[in-house]
Amino acid sequence: MNVFLSLGLAVGGFILLFMELFLPSGILGVAASILMTAGVILAFVESTLFGVILLVVLVVAVPFVVWRILKILPKTSIGKAILLEGPSSHEEVATQPEIELRKLAGKQGTATSQLRPAGIAEIEGKRYQVISEGMIIDEGTKIEVIDVSGNRIMVRAVRDDDTKLLDKK
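To convert, note that position 154 of the sequence shown is 154 in the working numbering; the numbers rise steadily by one, no gaps.
This is the structure:
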């Protein structure tokens, strides 16, 4: 009799665990744990071998079943309804100031303070906190924005021969 009762408790625990994934509350998960534990205890009362077998089956099966359900769940209509989908790209979560800063890529300006490697530069009439590629750039040097990542503006000094090449084009 304890064999059927312990198996029934273990199966009932699995059912509650499955329900917890669709109705997340925590209560069903706790109840599932209690039922499975009671099933293992009753299995040990019946026989040590049966208790060990049921315990090993539960220790292997529970994580596997939870993993499979979580793997399959997002593909189902119920899963799509309950699970949130993250943004597909960084552009969707970028702030307006970050989007505005990205427009500075490729623009030229002037270092208004010494960049060691961080400092202030004026680009298109506005002052920005910038970072050089690692070199010290003196105040008044022409700079070019080479990368914008988040709120970090990476610049490098523009050599005179670079500006002459740009003017010829």
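All residues carry an ideal CB built from backbone N, CA and C; glycine is no exception.
Item: Among residues of its own chain, excluding the 5 on either side of R102, which ones have a beta-carbon nearer than 7 Å to its beta-carbon?; Value: V148
Item: How about Q129 and G119: do their beta carbons lie closer than 9 Å?; Value: yes
Item: Do K142 and T110 have their beta-carbon atoms positioned less than 9 Å apart in this structure?; Value: yes
Item: Across which residues does DSSP place L115 in a beta bridge pair?; Value: I137
Item: Quick one: residues in its chain with C-beta nearer than 6 Å to the C-beta of E133, no 5 flanking neighbours on either side, listed in chain order?; Value: R156
Item: How would you call I15, buried or exposed, if buried means at least 16 neighbouring beta carbons within 10 angstroms?; Value: exposed
Item: Which one or two residues does DSSP pair with M19 in a beta bridge?; Value: According to DSSP, M19 bridges with nothing at all.
Item: Please list the terminal residues of the continuous alpha helix (DSSP H) segment that includes M36.; Value: 27 to 46
Item: G29 to P63, Cα distance in whole Å?; Value: 13 Å
Item: How far does the beta strand (DSSP E) with R102 in it reach, from first residue to last?; Value: No beta strand (DSSP E) contains R102, which is instead part of the alpha helix (DSSP H) from 96 to 102.
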